[in-house]
Every structure is written in structure tokens, then in C-alpha cells.
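> Quick note, the first sequence lines up with residues 29 to 665 if you use this note's numbering. For glycine and all other residues, C-beta sits at the position ideal for the given N, C-alpha and C. Okay, here's the structure, questions in a sec.
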Amino acid sequence: MSISASPITVTLPGGEKRTVPAGTSLRELLNGAQAIAAKVNGKVVDLSRPITVDCQIEPILPSSPEGLEVLRHSSAHLMAQAVKRLFPEVQITIGPVIENGFYYDFKHERTFTPEDLEQIEVEMKKIVAENLSVTREEVSRADAVRLFHDMGEHYKAEIIASIPADEGISLYRQGEFVDLCRGPHVPSTGRISAFKLTGVAGAYWRGDERNEMLQRIYGTAFASDKELRQHLALLEEAKRRDHRRLGKELDLFSFHPLAPGSPFFHPKGAFIYNELIAYIRRLYQRYGYQEVVTPQIFDVELWHRSGHMENYKENIFFTEIEGRDFGVKPMNCPGHILLYSAKKHSYRDLPLRYADFARLHRFERSGVLSGLTRVRSFAQDDAHIFCTPEHIEFEVGGVLRMVSEVYHAFAFEEVRFDLSTRPPKRLGDDATWDQAEAALAAALTGNGVTYRINAGDGAFYGPKIDIIVFDALRRPWQVATIQLDFLLPERFDLTYVSAEGTEARTVMIHRAVLGSIERFLGVLIEHCGGNFPLWLAPVQVKILTVTDSQEAYARKVHEQFLRAGIRSELDLRNEKLGYKIREAEVQKVPYMIVIGDKEVSTATVSPRGRKGEKIPPLSVEEFMPRLDAERVPGGAP
RNA sequence: GCUGGCGUAGCUCAAUGGCAGAGCAACUGAUUUGUAAUCAGUAGGUUGUAGGUUCAACUCCUAUCGCCAGCUCCA
């Protein structure tokens, strides 16, 4: 179709069709709208883009997901322009949009300071006030390289060289600033207003640690100041809920420099830790698991046979004794395999579901350790299902049902399923992987689960289903996992005797529901902000007396709670009630039980919830049903 | 592991080359108190560790350990 002035038909957002001359710009067609870009036949483009063929168009508003992306991408350019104005010697590299914001990497001799960031923000505001129009131009590869080379932007020239030959090269200009970019962008810098630079960090050129280190500045941008403020408030809330901070404040766990990445659980933290395990144990009975206890340290021979020496060596702690090399287990699977091989199995025995809460150790590079979410020493609610190929779909379905029960009990509203496929570094042949991936996909579909494909992210021995939960602040966490494995059974020659009396290859399913207990606890702390549901709260009720004279009665009530299985604590100290309440409040105790002369004389208690709710005086017997309803997993909040 | 920042009392933080301090917590005493902090006093330190510079180091330098933000890795 030629680009003449022949009329073309444009379908507007309302469905209205208009006939306009070819070459009409989107800006004219979407006049008056607050659009910062537009979608033409589903593709996001600049407003200045002329229309040359019949199409359907719709405006992109700054607050839409696509609009935010454009806005943030343009903010990255805005920041780069400000940086170039303030530090002309800096070279620009790349500046993409990321979740919740953007960044731009610069080559700079020194690091940027917080004061630099403030200055850059001020300069950005100036450029916004200048309202420079942002224009796109397409250039030849040679011209682009020459342009950036002449400007001394060698990284940009290098990027052009890596763009596929069949792809056009476009530049975006705003005032004196020009950047290589695919776009699209806002029509002018004045359209960006709500932004904030949030941090600075080192980053490798092209993300490769062998390359030189660049300076990365992070920022975020929103359609309005209000949304920006809300986002910053969310970050503040996340800081308040940080499990490392709450872990210290609530006396749950700590770390010591002599055992980096290895948490010490204090009595209250250990209580919750053990309660999580106890909960899973109770479910195991119903879901048909058998718990086993297996060794911690194995001759490296085992890790050679399992393939861990080939694929996981850099994460294993090794030790040598009597001239023999041992590896501390980073996973339970090889141990469970030895256990399975201890006797001959019939198809009638299967499926066998071996559960193990053993401590695992994985060496993690010092720079990656973080609170409870990335540790070197941890336990999982791990289990391995040994079954026949026919069992796979049912077994995976069973795990999916358990996952859904557990996450419901912890009030995680949203759960996502990812099917992670073969990674580059793996054992086994492609045919086996094809089979395993297809089996997992069938199990998901067969159980009515919708999922996404996460290509290349499987374990080295098999594909897996990763289960991602979203916490109260809508942050994603990978917790549960289901991994299908045809390879370790092969390597260890795991068999069962089939109904036909022949030896058949066993199938293994690796699965964890909470995943690492440490990590899960960290996530849970942040999810509930330290306000544990009653069944997990280390102290469920705290009895607060108004004066000494209620001591005897308070002790009696305390006994009553203890006998009913309620975790009760007494605060008989000679302090004002307000002081005791504040302390219990700070410790996030679910119920404070106030006892004064009134309560003694009427044989009642006055409970107070940790959110401040007052419950009128009632007897312990009358209060108990409320506690009972709440102290079961998934019970009333 | 890499880049940068940080490391002072149990916790949160002061002290920029010249006497290591505050609030909270702890302990002692007074106060007998009604829904988020009563008052007074006492004690608490090899300033992460090891070296160095200096008349003098929390402060400057080197190394090292740990933590934090990222990167890379991992899941």
C-alpha cells in the first residue's frame, strides 16, 4: 500500500469509524485526550506517529499499565538528560523500565552521592518545566554509530552493533539530549511530573560480572503525585514490616557474625517455627505422607552419582575426615533415594511419600545472604513421592490440593503457578525432558490450574511447577515447588515390580509446600506485619492487672487459660495499666486480658484486642469460644 | 564474589583528631495506678576485629569480619 494522501479508515475507541487522509497523526485523532501515547492495532506507539493504513486506535493514559511504562521509560531519558547536563563527562548506557520504576546505568569515574541525586532531581524538574518536545527519527546504522561515536558515547555505539541487522534504528531527541531508543515516549518532557530518584548502586555492564562496573540510579514515576506518594507510603510500610526488624523487635530470631546466613531462633521464634512444622505434620497424616529421618553428611560418592557434583558443587559444604571426602546435604533427594533402594518395591507399595524436615546447608555467596529469605542453613517441608508414571497426574493433583489448603490457611489470597522448563545446565536427554514437561503440563491442566511458562528455569534434574504467593503488600514470593524427575531414578536405577512381574522404572516427584521454613516464616512475618494469627502467636493472651490486689484472681484466670491449652502470660508488675498495655501492644499479643477490682468482684475479664478493640467484661468460659474459633489454622482472624 | 554504604551500651542513635554521650530497655527505690510510656537513682563500653599514622584515633590509613542496597548467582 502506497503512502499517498488517499483516505484511510480509522476506528476510534468508541467504535466510531472516521475517514481521514493518510499521514494524519494520532495526536489529531485523539485530540483533547490526556493520552501520552497510543495503541494502533494493539501496538503502542508515539502520538506523533502518522497513520498510513486502516487501523483501530486507542489512547494510552498515563495511569494505565502501558502508560506507566511509557512514562517511566521517558523518565529514564529525562534523568539521563539531567545527568548529562550536570556531569558532561558521564557516558550513558541503558535505561529500562522495571517493576515499579526505572533505572539508568552510567559510566562515571566516581559514585553518585545522595546529594548528587537531589541535584539531578532538581535538574529533572527544570527540564520538565522547559517542556521540550520529544521527537523520534529513524536513522541508518552507520549514521547512528557515527553520531554516538562523535559524542563520545561508546557504550551506545556498542549497543547499536548488537541490534539485529533487520531491525531499524531509532533515536529520540529532547532539547540537546539524544538517546538510542525503540520508544515509544511521551510527546514532551512536560508530561512527566510525579517522579522520585530512589537509590544508587553498582551494576555490571550488560549484567556480566566479568565486565566493568557502572553506576546505576534507580527512580520511579507515576501518573500523579498522589500515586507517587501512595507508592512511597507502601515502601515505608514495607520497611515497618521488614521481617529482620520485626524479628528483632518481637524477639523471634537473630544472627551472629560467627555463623553468617544461619539464623538463631529465640524461644518465641522457635515456637512459631515448630508450630509451622507441626501443622504440616498434621496434614501429612491426611495426605498420606510418611516421615523419615535421614543422614546429614554423605560420602561425596553419593553426590557424584546424583549429579550434584556436576551441577551443584559450588553450593555444597565439604568436609574431610579419615582421608574420606564428605558433603553436607543441600537437598534430601539422594538420601531418600538410598532409603527407597533399601528394599525391593512392588507396584502395590506405590506411591510412597517420604517426608523429611531435615536441616539443609547450601553455600550461598556472602553478598547474597539476606535475613531469613536467603540463608545457608535451613529446613524444608520436603517430601519425595516415588510412584509409577500412571500416578503422576493424581500425585501432582494431591500436592496442588495441599498447596491450596495451606495457602488458604495463611490467608494468602493470590497464588500463581509457573511451569519452569529445562535449564541450559541439566542432566538427561531431550526426549526425557519432553516427556516430563508434558506430564507436568497435563497434571496442571487436568487439575484445572492455569499457569504460565517460565522457560529455562527448571531444576537440573527435571521441570517444576513453582508456586508464587502474593503477600499483603502484593509482593511476589516463590515458596512451594513441585518437581518431576525421571533422571535421578535412572541414575540410581530405581525400580519397582510391575503387575506384569517385570521391573519398571520408578518416577520421583520432589515437592515442598512451605518451601524453606525459614524463608516462609520471613514471608509470613511480612505478610501479617508481625500480627500472627492466634494459632501461631507464641503468646496468645497476656493478663494485665490494674493493681497488686488482683494478683490472686489473675493467677486463677491464668491457670484457667493454661488448662484450656491457651498460651497465657501474666503481667503482675507494679506498673500503670497503660504501660502494660503499651508493652503488650508493641509485642503484638493478640489479646490483653485486663483485670481490675470490677472484674474480680464479678468474676469476669475484660479482653482487649491488639488492634485496640475492647470487649465488654465476660467470664473466661464465655470468652473461650472466641479463642477456640481463632486458634485453628485458617480460623477467624 | 563484585560495587558502594554502614558497624559506638541489649535496642535506636549522638560525639569530624583533644575527657565516649542521650533516650528506651535492665537493675534499685518510691508510687497502687482502668485501656499505648509515673518519678528518682544505679549500673552498663577493648567504639566489629587486627595492624598502622599521630604527642593524642570513635574520628585518618591498610587489612579483615559482619550487616545493608544493588549486581551476579540461586530458587
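Mapping DSSP to helix, strand and coil, what is Tyr368?
helix
> Rounded to a whole number of angstroms, what is the C-alpha to C-alpha distance between Pro288 and Gly275?
CA-to-CA, the gap between Pro288 and Gly275 works out to about 16 Å.
> Taking the alpha carbon of Leu646 as the reference point, which residue from Ile420, Val585, Val396 and Pro566 has its own alpha carbon closest?
Val585
> Determine the contact status of Ile481 and Leu447, defining contact as a CB-CB distance below 8 Å.
yes
> List the whole-angstrom C-beta distance separating Ile524 from Thr416, where the pair is believed to meet the contact cut-off of C-beta under 8 Å.
It should be noted that the sequence gives Tyr, not Ile, for residue 524. The pair is a contact, with the Cβ atoms about 7 Å apart (cut-off 8 Å).
> Between Leu572 and Ile493, how many whole angstroms is the CB-CB distance? I'm expecting something under 8 Å.
Rounded, the Cβ-Cβ distance is 48 Å, inconsistent with contact.
> Buried or exposed: where does Ala508 fall if 16 or more other Cβ atoms within 10 Å of its Cβ makes it buried?
Taking all protein chains shown into account, Ala508 has 16 or more neighbouring C-beta atoms within 10 Å of its C-beta and is therefore buried.
> Which residue or residues does DSSP assign as beta-bridge partners of Pro142?
According to DSSP, which records beta bridges pairwise, Pro142 is partnered with nothing at all.
> How is Pro215 classed by DSSP in three states: helix, strand or coil?
In the three-state DSSP reduction, Pro215 falls in the coil class, being neither helix nor strand.
> Do you know offhand how far Pro661's Cα is from Asn159's?
57 Å
> Pick from Val111, Lys154 and Leu96: whose alpha carbon is nearest that of Thr139?
Val111
> What residues match up with Lys604 in a beta bridge as DSSP calls it?
In DSSP, Lys604 forms no bridge with anything.
> Should Val614 go down as buried or exposed, given a rule of 16 or more other Cβ atoms within 10 Å for buried?
exposed
> Quick test of your reading: Ala63 and Ile88, contact by CB under 8 Å. State the CB separation rounded to the nearest angstrom.
6 Å
> Verify whether the separation of the beta carbon atoms of Ile28 and Leu40 is less than 8 Å.
Outside the modelled stretch of the chain, which goes from 29 to 665, sits residue 28, for which no answer is possible.
> With distance defined between alpha-carbon atoms, name the residue in Phe488, Tyr619, Val72 and Val497 nearest to Asp458.
Nearest option by C-alpha distance: Phe488.
> Give the secondary structure of Thr630 by DSSP, where H, G and I count as helix, E and B as strand, and everything else as coil.
helix
> Near Val167, which residues of its chain fall below 8 Å by C-beta distance, leaving aside the five closest residues on each side in sequence?
Leu175, Ile197, Ser198 and Leu199
> Check whether the stretch 398 to 414 touches the stretch 440 to 455, counting contact only when three or more Cβ pairs, one atom from each stretch, lie closer than 8 Å.
Short answer: they don't touch.
> In this structure, does DSSP put Gln511 in helix, strand or coil?
strand
> May I ask you to report which of helix, strand or coil DSSP gives Val320?
coil
> With DSSP as the reference, label Pro653 as helix, strand or coil.
helix
> Cα separation between Arg402 and Arg547?
7 Å
> Could you check the C-alpha separation between Asp462 and Tyr246 for me, to the nearest Å?
Rounded to the nearest angstrom, the two C-alpha atoms are 41 Å apart.
> Using the C-alpha atoms, what's the distance from Arg659 back to Lys296?
17 Å
> According to the Cβ coordinates, are Ala249 and Ser103 closer than 8 Å?
yes
> Use the C-beta contact count for Asp253: other C-beta atoms within 10 angstroms, 16 or more gives buried, fewer gives exposed.
exposed
> Could you tell me whether the stretch 540 to 559 touches the stretch 258 to 269, using the rule of 3 or more Cβ pairs below 8 Å?
Contact between the stretch 540 to 559 and the stretch 258 to 269 is present: 3 or more CB-CB pairs across the two stretches fall below 8 Å.
> For Pro452, which residues of its own chain have a beta-carbon under 8 Å away from its beta-carbon, when the five flanking residues on both sides are left out?
Gly484
> Start and end of the alpha helix (DSSP H) containing Val173?
Arg169 to Asp178
> Closest to Trp505 by C-alpha separation, out of Leu549, Ser526, His389 and Leu516, would be which residue?
Leu549
> If I follow the unbroken alpha helix (DSSP H) through Phe589, where does it start and stop?
Glu579 to Arg591
> Tell me whether Val551 sits in a helix, a strand or coil according to DSSP, three-state version.
helix
> Pull up the DSSP beta-bridge partners for Leu646, would you.
Under the DSSP definition of a beta bridge, Leu646 partners with Val633.
> Got a sec? Which residues, its chain only, sit under 7 Å from Val396 by beta carbon, not counting five neighbours each side?
Arg402
> Out of Val328, Thr37, Phe422 and Arg46, which one is the CA nearest neighbour of Gly351?
Val328
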